[in-house]
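Shown next, in structure tokens, is the structure this report addresses.
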Amino acid sequence: MRRSVSGFPLTRKVVERFVAGESVEDARAAIERLRDAGLAVTVDHLGEETRDAGAAKATAQAYITLLDAMRPLGLGRGGEVSVKLSAVGQALDDAMALDHARAICAAADANGSTVTLDMEDHTTVDSTLSILRELRADYPATGVAIQAYLFRSEADCRDLSAEGSRVRLVKGAYREPASVAHQGKAAVDKAYVRCLRILMAGKGYPMLATHDDRLISITELLADRFGRSIGDYEYQMLYGIRTDRQEALAGAGHTVRVYIPYGDDWYGYFMRRLAERPANVAFFLRALGGK
Ligand code: FDA
1 MRRSVSGFPL
11 TRKVVERFVA
21 GESVEDARAA
31 IERLRDAGLA
41 VTVDHLGEET
51 RDAGAAKATA
61 QAYITLLDAM
71 RPLGLGRGGE
81 VSVKLSAVGQ
91 ALDDAMALDH
101 ARAICAAADA
111 NGSTVTLDME
121 DHTTVDSTLS
131 ILRELRADYP
141 ATGVAIQAYL
151 FRSEADCRDL
161 SAEGSRVRLV
171 KGAYREPASV
181 AHQGKAAVDK
191 AYVRCLRILM
201 AGKGYPMLAT
211 HDDRLISITE
221 LLADRFGRSI
231 GDYEYQMLYG
241 IRTDRQEALA
251 GAGHTVRVYI
261 PYGDDWYGYF
271 MRRLAERPAN
281 VAFFLRALGG
291 K
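Residue numbers (UniProt numbering): 1 to 291.
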């Protein structure tokens with residue numbers, strides 16, 4: 001599958017719908033384009049779990065290079081990077097992942113940007129939250145993604161909001177067992193609303209990462225109920241998905257942050273986007289067939 005996707009120019013085009021490109025230059029061009037359209041950004045250097053210390057270090061360095069490249073253009077200020085701890089050594093050693101994440105936070109801080117930790121499969125949540133707390137001691141603006149589908153997430157939202165953390169609320173993108181996670185769209189959507197209510201009522205900064213119109217409407221109702229104005233929370237969406245909605249929300253005055261993935265290790269990210277929506281698989285298969 002990976003070979004067939006990589007090999008054909010037409011399927012590369014499909015990948016490019018979701019991924020900004022492979023180089024720092026590609027990322028920079030996408031950042032500039034989105035910022036010109038009034039959108040904020042969070043940039044992800046694509047990569048999945050590694051058990052190779054050299055690869056973990058190279059990923060951390062790639063973030064630092066990106067953040068340095070953003071600085072002279074003033075693109076760093078108000079910007080953000082998203083980091084998967086598994087790509088900077090979490091599977092090998094928490095201390096290694098913390099060191100690399102700390103170096104990325106320092107580079108981000110130097111140009112007025114922040115860092116949000118992505119959340120991966122459920123076995124990594126305790127480690128990710130404990131690394132988050134270490135990072136927030138020095139860089140309090142560091143945030144984390146919380147996946148509404150996990151049973152534990154309401155309690156995590158409560159704790160993080162009491163601590164005043166930035167929290168990106170997502171539905172969750174991994175296949176998780178029924179022993180730890182709600183199954184099916186209706187149950188996950190209800191869990192999202194319960195977490196949303198906790199975050200909107202709490203002390204932290206909620207970042208609502210969804211393309212779901214119903215959840216966006218509920219967010220607006222809760223913002224009203226809990227006295228949060230525009231600017232006290234933000235919306236986030238993925239690069240290439242519902243761009244019309246991104247621009248409409250930004251046009252109405254909201255902060256809308258677009259998650260921009262770039263880099264050559266796009267396979268896992270791309271497959272998760274296909275899995276989310278049958279229509280994307282059809283789009284992909286048509287491209288494979290040359291139509
Ligand atoms: P849902 O999947 O119900 O989609 C609602 C509507 O949005 C669909 O009907 C469709 O119109 C559109 N849509 C959604 N996905 C689409 C797609 N792939 N292609 C085309 N249209 C699509 N997950 C995780 O586990 N850990 C993380 O750290 C993150 N980080 C993250 C950051 C940001 C900024 C976003 C927006 C999302 C994530 N996610 C994530 C992914 C998240 O868990 C979830 O899988 C996707 O956002 C899809 O869920 P929705 O809330 O959009 O709803």
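Yeah, the Cβ is synthetic: ideal placement off N, Cα and C, and Gly gets one too. Remember, predicted model here, so these are calculated numbers, not experimental data.
Roughly how many whole angstroms lie between the Cα atoms of residue i and residue j?
i: Ala209; j: Ala173; result: 12 Å
i: Glu176; j: Leu274; result: 17 Å
i: Leu222; j: Arg197; result: 7 Å
i: Val14; j: Arg242; result: 15 Å
i: Leu249; j: Asp224; result: 16 Å
i: Val167; j: Arg245; result: 22 Å
i: Cys157; j: Lys203; result: 11 Å
i: Ala91; j: Ala56; result: 10 Å
i: Glu163; j: Tyr205; result: 10 Å
i: Ala178; j: Ala37; result: 41 Å
i: Thr65; j: Tyr262; result: 13 Å
i: Leu10; j: Val24; result: Model confidence at Leu10 stands at a pLDDT of 45, short of 50, so the residue's coordinates are unreliable; what they give is reported in the following sentence. Answer to the nearest angstrom: the Cα atoms are 23 Å apart.
i: Tyr233; j: Asp159; result: 18 Å
i: Val180; j: Val88; result: 25 Å
i: Gln236; j: Ala145; result: 11 Å
i: Glu154; j: Thr59; result: 31 Å
i: Leu98; j: Arg194; result: 30 Å
i: Thr219; j: Val256; result: 14 Å
i: Leu34; j: Val258; result: 8 Å
i: Glu32; j: Val83; result: 20 Å
i: Leu129; j: Asp93; result: 15 Å
i: Thr50; j: Met96; result: 12 Å
Can you say whether residue i is buried or exposed, counting buried as having 16 or more other CB atoms within 10 angstroms of its CB?
i: Ala40; result: buried
i: Gly290; result: Since pLDDT at Gly290 reaches only 48, below the 50 mark, its modelled position is unreliable, and no value is offered.
i: Ile230; result: exposed
i: Gly227; result: exposed
i: Met70; result: buried
i: Arg277; result: exposed
i: Gln183; result: exposed
i: Thr142; result: buried
i: Thr114; result: buried
i: Thr123; result: exposed
i: residue 318; result: Absent from the structure is residue 318, since the part of the chain shown begins at 1 and ends at 291.
i: Val81; result: buried
i: Lys190; result: exposed
i: Gly54; result: exposed
i: Gly21; result: buried
i: Asp213; result: exposed
i: Gly112; result: exposed
i: Ser86; result: buried
i: Ala185; result: Here the sequence assigns Lys to residue 185, which means Ala is not the residue at that position. Label assigned to Lys185: exposed.
Measuring only between beta-carbons, confirm whether residue i sits less than 9 Å from chain D.
i: Asp159; result: The structure shown has no chain D; it contains just one protein chain.
Identify the continuous alpha helix (DSSP H) that holds residue i and give its terminal residues.
i: Ala40; result: Segment 40–45 is the beta strand (DSSP E) holding Ala40; no alpha helix (DSSP H) there.
i: Ile241; result: Unbroken run through Ile241: none, as it is neither H nor E.
i: Gln61; result: 53–70
i: Ile31; result: 24–36
i: Tyr192; result: 185–201
i: Val125; result: 125–138
i: Leu274; result: 267–276
i: Ile218; result: 213–225
Going by the C-beta, is residue i closer than 8 Å to any heavy atom of the ligand FDA?
i: Val43; result: no
i: Gln236; result: yes
i: Met119; result: yes
i: Asn111; result: no
i: Glu220; result: no
i: residue 300; result: A query on residue 300 cannot be resolved here, the shown segment of the chain reaching from 1 to 291 and no further.
i: Gln147; result: yes
i: Asp36; result: no
i: Arg242; result: yes
i: Lys13; result: no
i: Leu215; result: yes
i: Lys185; result: yes
i: Arg277; result: yes
i: Ala209; result: yes
i: Ala173; result: yes
i: Tyr259; result: yes
i: Arg152; result: no
i: Asp26; result: no
i: Arg273; result: yes
Could you give the first and the last residue of the continuous beta strand (DSSP E) run that contains residue i?
i: Met207; result: 205–209
i: Ile146; result: 143–147
i: Leu117; result: 114–117
i: Ser82; result: 80–83
i: Ile260; result: 256–262
i: Leu160; result: Segment 153–162 is the alpha helix (DSSP H) holding Leu160; no beta strand (DSSP E) there.
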